[in-house]
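Before any comments, here is the structure.
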Amino acid sequence: MSLLITETNLRSLVDALVKGATLVVGPKHSGSVVLYQPLAAGSDLTLDELPRRSAKELYFPVCEDILTFKRENGKLEVRDIDRSRFPETVLIGAPPCDAGSPSILDAVFSWDYNDEFFLERRRKSTIVGIACTKGDDACFCTAVGLAPDAKAGSDLFLTPLLGGSFRCEPVTEKGQALIDKHAGLFSEGAAGEPVAFADQSTGKLDLPKIKEWLNGHFEDPLWESIADICVGCAACAFICPACHCFDINDEGNPDNGTRRKHWDACGFSKFTNHASGHNPRDIQNKRYRNRIMHKFKYYDDKFGKTLCTGCGRCIRACPVGIDIAEILDTINKKAQQG
Amino acid sequence: MNAKAEKIRVASIDPSYYQAVTDAIRTEAVKLLSEEAVVAVVGYLPGRRIGTAVPGLVTTPEQAQQLIFSPACVNNLSLYLTKAKKGVLKKGKVAIIAKGCDLRALAGLMGESQVKKEDIYTIGIACAGVFGANSDRKGGLTEASIARKCRECTVHQPEGVDLLVGTLPELPQLTALEAQELARLEALTPEERWAYWKEQFSKCIRCLACRQVCPFCYCEQCLCDKNRPQALESSPRPAGNTAWHIVRAMHLAGRCGGCAECERVCPMDIPLNLLNRRMAMELKELYDYEASMVPQEKGPLTRYQEDDDQSFIK
Ligand code: SF4
Ligand code: SF4
Ligand code: SF4
Ligand code: SF4
Ligand code: SF4
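Going line by line, the protein sequences match chains X and L.
For what it's worth, my numbering labels the leading residue of the first sequence as 8, then goes sequentially.
For what it's worth, my numbering labels the leading residue of the second sequence as 869, then goes sequentially.
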């Protein structure tokens, strides 16, 4: 016997949560793209397409105010953002490559500094992940240790079944609490066959070996051959569920303004530009090298995790078709040869 | 013509056309590299996934055997000849594969003294069209998958190139969707049009892919990167986004070659080429200027003439 929910009841769950003043965020059509957006009702939820941008923006928005300042009678008054007003949130319909990323990012946002903007939202959210049946030839989650049915990062996990229902598996107490609170929408029954996953063409990657190769190949002709064509935009980083760089700017005027945090990326030429004018990453392939190094070596060195969930978004979005799965495969082969 | 009829006719472009272009490119590239007539050939290589191709900076005859031409060859490769890509290609003469729309950018770059004609060898392609962004690429080039710019292309047949490859297959007449959309926007009231663009700009996440692929965005210091003080807000919010797109449209006016690369790469599907085309209309009207495949002496906005229209000075 398994715990089941019908598609109608899943949408009713969204309705019930919204009525209860919970912010529900899930994939939703917006013009020609699908994005993670607040759902006004269960009918807004779309489960037929992988959102163009990742779910990280629920915790780490593309842009947010972090304080405001105002000069009054010659005195500058600084106001904090009231984070206690961040709402209780349910993220629903995130495939494993998205559901799995916030828990990877917890490490960096609570390391030398506790980023309360990120952490407060994390504390107040429940993630309802869903097994992915929409993969395409850019996906390689299996190669980096996840899978279309990986539960890592989810509080409650749904598996689409043939016939339209979902099998529900609580993964954490938060997930169980969500079920308990809306018990009427779930039922016990025999789970039918799950909907088949799309095949992934890329082979399994030996991540420890890749890291070992990276340890010894900061300088290597590979970087030129794969990344000289990189144009240096941030399409890959901005839509990536795991990239988390940001810039901080004061906007407004010296007497009245806002300090804002917004996405940044190591692909930009100015990212490492020193005040002196010196730039240690003076050419694009060095910047691209950092992308690989950070994801598959530095983050692992520091936090014991890989900074990639294999969602394939960067592969789909790269203006010049740089294919991180192919690059990893190349490094994997080199690493096996020692 | 209904959509179905269009689909059948476009899909019927004989695959042997692409093969012939590919073969001709390979033959020429191998020859140029073996004779050391050029240090590199900037062309297209096959991507791992079905229906994809990637820019290739090819330096050996062996690599040149891998060059391809297919509907997936979307990139405007002239970007790699600009100073934004300084140091990526060895010094010396470079051969470049160019479709008609890419040639307009090359010509513009020559007009701006960024590229010297004698430093490059252009291999022009008689081009039937390429895939649009996010199109389904499994079924070849169809009415559904062809790029919007190609539906109303006027430069299928390159001019002024060192070598022309390919023979154009018979091309179907396709509805000019982009021109229709432009006309629809023109017919709106200024308020409605403003609402439309506000909505579009609000989607921008400032990834700067549009800037980075543009052959004319080669400035070493872009206005939008300036942050002390900010020239315009860097954060992806309506005010800064709108300023950014207006700045870019103005800085590209009279320079843009219309390759539509900026629009193709936008991860948020913002129809940037509508802005480019609107500016091009303005340039045509005011200065009788149009981007072309052969270099022009001086761009309309970098030349002063006694009889220039000055009515805008009030
Ligand atoms: S690096 Fe690419 S494939 Fe990996 S998580 Fe980021 S966007 Fe997805
Ligand atoms: S890969 Fe680059 S943009 Fe992404 S998190 Fe690392 S340094 Fe930041
Ligand atoms: S616009 Fe014309 S020349 Fe350019 S890719 Fe399309 S068909 Fe080819
Ligand atoms: S590519 Fe699109 S999202 Fe990125 S900066 Fe340009 S308009 Fe904005
Ligand atoms: S502005 Fe856009 S269409 Fe014009 S040359 Fe640049 S990339 Fe091409």
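The C-beta atom is built at its ideal place from N, Cα and C for all residues, glycine as well.
Since this is a predicted model, take the numbers as computed values, not measurements.
> Could you give the distance in angstroms between the alpha-carbon of G1125 (chain L) and the alpha-carbon of E123 (chain X)?
Replying inline: Here the question's residue 1125 (chain L) lines up with position 257 in the second sequence. Here the question's residue 123 (chain X) lines up with position 116 in the first sequence. If I take the Cα positions, the gap works out to 47 Å.
>> Suppose the cutoff is 7 Å on Cβ atoms and the five residues either side in sequence are ignored; what does the same chain contact list for D144 (chain X) look like?
In response: Here residue 144 (chain X) refers to the residue found at position 137 when the first sequence is read from its first residue. Excluding residues within five positions, the ones whose Cβ falls inside 7 Å are S208.
> Do you know whose CA, among L:F937, L:T1022 and L:P1135, lies nearest R1074 (chain L)'s CA?
Replying inline: Here residue 1074 (chain L) corresponds to residue number 206 of the second sequence, with the count starting at 1. The candidate whose alpha carbon is nearest that of R1074 (chain L) is L:P1135.
> Does DSSP put S132 (chain X) in a helix, in a strand, or in coil?
Replying inline: To locate residue 132 (chain X), count along the first sequence from 1; it is residue 125. S132 (chain X): strand per DSSP, three-state reduction.
> In its own chain, which residues sit with a C-beta less than 8 Å from the C-beta of N256 (chain X), not counting the 5 before and 5 after it?
Replying inline: Within the first sequence, the letter at position 249 stands for residue 256 (chain X). Same-chain partners within the cutoff: R266, R267 and H269.
> Helix, strand or coil for K875 (chain L) per DSSP?
Replying inline: Taking the second sequence and counting its residues from 1, the one referred to as residue 875 (chain L) is at position 7. The predicted position of K875 (chain L) is uncertain, since its pLDDT is 48 and thus under 50; a value taken from the coordinates is nonetheless stated next. Helix at K875 (chain L).
>> Within 8 Å, do at least three Cβ pairs link the segment 182-202 of chain X to the segment 104-112 of chain X?
In response: No contact exists between the segment 104-112 of chain X and the segment 182-202 of chain X.
> Can you list, in chain order, the residues of its chain whose CB lies under 8 Å from that of V327 (chain X), leaving out five sequence neighbours each side?
Replying inline: Along the first sequence, read from residue 1 onward, the residue named residue 327 (chain X) stands at position 320. Counting only residues of its own chain and dropping the five nearest sequence neighbours on each side, V327 (chain X) has a CB closer than 8 Å to the CB of I236, C237 and V238.
> Got a sec, what are the start and stop residues for the alpha helix (DSSP H) G197 (chain X) sits in?
Replying inline: Within the first sequence, residue 197 (chain X) is the residue found at index 190, counting from 1. A small fix is needed here, since residue 197 (chain X) is Ala in this sequence, not Gly. Neither: A197 (chain X) is in no alpha helix (DSSP H) and is coded neither H nor E.
>> Is there a C-beta anywhere in chain L that falls below 8 Å from the one on D144 (chain X)?
In response: Within the first sequence, residue 144 (chain X) is the residue found at index 137, counting from 1. Yes, D144 (chain X) lies at the interface with chain L (some Cβ there is under 8 Å from its Cβ).
> Is the CB-CB distance between C252 (chain X) and C321 (chain X) below 8 Å?
Replying inline: The residue labelled residue 252 (chain X) in the question sits at position 245 within the first sequence. The residue labelled residue 321 (chain X) in the question sits at position 314 within the first sequence. It is not a contact, given that the beta carbons lie outside the stated cut-off.
> In chain L, what lies closer than 8 Å to P326 (chain X) by C-beta?
Replying inline: Taking the first residue of the first sequence as position 1, residue 326 (chain X) is located at position 319. Per Cβ cutoff of 8 Å: N943, A1077, Q1080, V1081, E1129, R1132 and V1133.
> Along the chain, where does the beta strand (DSSP E) that runs through H269 (chain X) open and close?
Replying inline: Along the first sequence, read from residue 1 onward, the residue named residue 269 (chain X) stands at position 262. Element bounds for H269 (chain X): N263 to W270.
> alpha helix (DSSP H) containing V151 (chain X): first to last residue?
Replying inline: Within the first sequence, numbered from 1, the residue matching residue 151 (chain X) stands at position 144. No alpha helix (DSSP H) contains V151 (chain X), which DSSP labels as neither H nor E.
> By Cβ distance below 8 Å, which residues in the same chain neighbour T96 (chain X) in space, the five residues on each side in sequence not counted?
Replying inline: By one-based count along the first sequence, residue 96 (chain X) stands at place 89. Answer for T96 (chain X): T29, L30, V31, V32, L65, R128, K131, S132 and T133, listed in chain order.
>> Going by the DSSP bridge assignment, what does Q1098 (chain L) pair with across the sheet?
In response: One-based indexing of the second sequence puts residue 1098 (chain L) at position 230. L:N1095, per the DSSP bridge assignment.
>> Which runs of the beta strand (DSSP E) at least 3 residues long sit entirely within the segment 999-1056 of chain L? Give them in chain order.
In response: As far as the segment 999-1056 of chain L is concerned, its whole beta strand (DSSP E) runs of at least 3 residues are 1031-1033.
> Run through DSSP, which three-state label would D254 (chain X) get?
Replying inline: In the first sequence, counting from the first residue as 1, residue 254 (chain X) sits at position 247. The answer is strand: DSSP assigns D254 (chain X) an E or B state.
> Expressed to the nearest angstrom, what Euclidean distance is found between the alpha-carbon atoms of R298 (chain X) and H281 (chain X)?
Replying inline: One-based indexing of the first sequence puts residue 298 (chain X) at position 291. One-based indexing of the first sequence puts residue 281 (chain X) at position 274. Near 19 Å, if we compare the C-alpha coordinates of H281 (chain X) and R298 (chain X).
>> Taking the alpha carbon of P261 (chain X) as the reference point, which residue from X:R78, X:G142 and X:S50 has its own alpha carbon closest?
In response: The residue given as residue 261 (chain X) occupies position 254 in the first sequence. Nearest of X:R78, X:G142 and X:S50 to P261 (chain X), Cα basis: X:R78.
> List, in order along the chain, the chain X residues whose C-beta lies closer than 7 Å to that of Q1025 (chain L)?
Replying inline: Translated into positions along the second sequence, residue 1025 (chain L) becomes position 157. Those within 7 Å of Q1025 (chain L) in chain X number zero; the least Cβ separation is about 26 Å.
> Which residues of chain L have a Cβ atom closer than 9 Å to the Cβ of W270 (chain X), listed in chain order?
Replying inline: Sequence index remark: in the first sequence, residue 270 (chain X) carries index 263 (1-based). Near W270 (chain X) (Cβ distances below 9 Å), the residues of chain L are I1073, R1074, C1075 and P1104.
> From T140 (chain X) to V1162 (chain L), what does the alpha carbon distance come to, in whole angstroms?
Replying inline: Taking the first sequence and counting its residues from 1, one reaches residue 140 (chain X) at position 133. Taking the second sequence and counting its residues from 1, one reaches residue 1162 (chain L) at position 294. The straight-line gap from Cα to Cα measures roughly 50 Å.
> I think G142 (chain X) touches P155 (chain X), with their Cβ atoms under 8 Å apart; what is that distance to the nearest whole Å?
Replying inline: Stepping through the first sequence from its first residue, residue 142 (chain X) is reached at position 135. Stepping through the first sequence from its first residue, residue 155 (chain X) is reached at position 148. Sure, about 6 Å apart at Cβ, within 8 Å.
> Among X:I88, X:A101, X:G81 and X:V85, which has the Cα closest to the Cα of V41 (chain X)?
Replying inline: Looking up residue 41 (chain X) in the first sequence gives position 34. Distance check between V41 (chain X) and each of X:I88, X:A101, X:G81 and X:V85 places X:A101 closest, using alpha-carbon atoms only.
> At a cut-off of 7 Å, is P1135 (chain L) close to ligand 4 when judged by its beta-carbon and the heavy atoms of the ligand?
Replying inline: For the purposes of this step, residue 1135 (chain L) is identified with residue 267 of the second sequence, where counting begins at 1. Checking every heavy atom of ligand 4 against the Cβ of P1135 (chain L), one is found closer than 7 Å.
> Quick one: is the Cβ of E1020 (chain L) within less than 7 Å of any heavy atom of ligand 5?
Replying inline: Residue mapping note: residue 1020 (chain L) aligns to position 152 of the second sequence, counting from 1. For ligand 5, no non-hydrogen atom lies closer than 7 Å to the CB of E1020 (chain L).
>> Taking the alpha-carbon of L977 (chain L) as reference, which of L:N1141, L:A1148 and L:G1122 has the nearest alpha-carbon?
In response: Reading the second sequence from its first residue, position 109 is the one you call residue 977 (chain L). Residue L:G1122 is the option with its Cα nearest to L977 (chain L).
> Can we say the segment 1137-1145 of chain L touches the segment 1087-1104 of chain L, given the rule of at least three CB pairs closer than 8 Å?
Replying inline: Contact between the segment 1137-1145 of chain L and the segment 1087-1104 of chain L is absent, because fewer than three Cβ pairs lie under 8 Å.
>> Taking the beta carbon of L221 (chain X) as the centre, do at least 16 other beta carbons fall within 10 Å, making it buried, or is it exposed?
In response: The residue given as residue 221 (chain X) occupies position 214 in the first sequence. Result: buried.
>> Against P923 (chain L), what residues of chain X qualify as contacts under a CB-to-CB distance less than 7 Å, listed in chain order?
In response: Within the second sequence, the letter at position 55 stands for residue 923 (chain L). Those are I236 and V327, listed as they occur along chain X.
>> Under 7 Å: does the beta carbon of G1000 (chain L) sit that close to some heavy atom of ligand 5?
In response: Sequence index remark: in the second sequence, residue 1000 (chain L) carries index 132 (1-based). No, Cβ of G1000 (chain L) sits at least 7 Å from all heavy atoms of ligand 5.
> Measuring from the CB of C273 (chain X), is there a heavy atom of ligand 1 at a distance below 7 Å?
Replying inline: Here the question's residue 273 (chain X) lines up with position 266 in the first sequence. No, since every heavy atom of ligand 1 falls outside the 7 Å radius drawn around the Cβ of C273 (chain X).
> On the premise that L165 (chain X) lies in contact with A138 (chain X), defined as a C-beta separation below 8 Å, what is that separation, rounded to the nearest angstrom?
Replying inline: Numbered from its first residue, the first sequence carries residue 138 (chain X) at position 131. Numbered from its first residue, the first sequence carries residue 165 (chain X) at position 158. The Cβ separation is near 7 Å, so the contact holds.
> Taking 8 Å as the CB-CB cut-off, is D206 (chain X) touching chain L?
Replying inline: Numbered from 1 along the first sequence, position 199 holds the residue referred to as residue 206 (chain X). The Cβ of D206 (chain X) sits no closer than 8 Å to any Cβ of chain L.
> Do G274 (chain X) and R296 (chain X) come within 8 Å of each other at the CB atom, strictly closer than that value?
Replying inline: Taking the first residue of the first sequence as position 1, residue 296 (chain X) is located at position 289. Taking the first residue of the first sequence as position 1, residue 274 (chain X) is located at position 267. Between R296 (chain X) and G274 (chain X), the C-beta gap is not smaller than 8 Å, which leaves the two residues out of contact.
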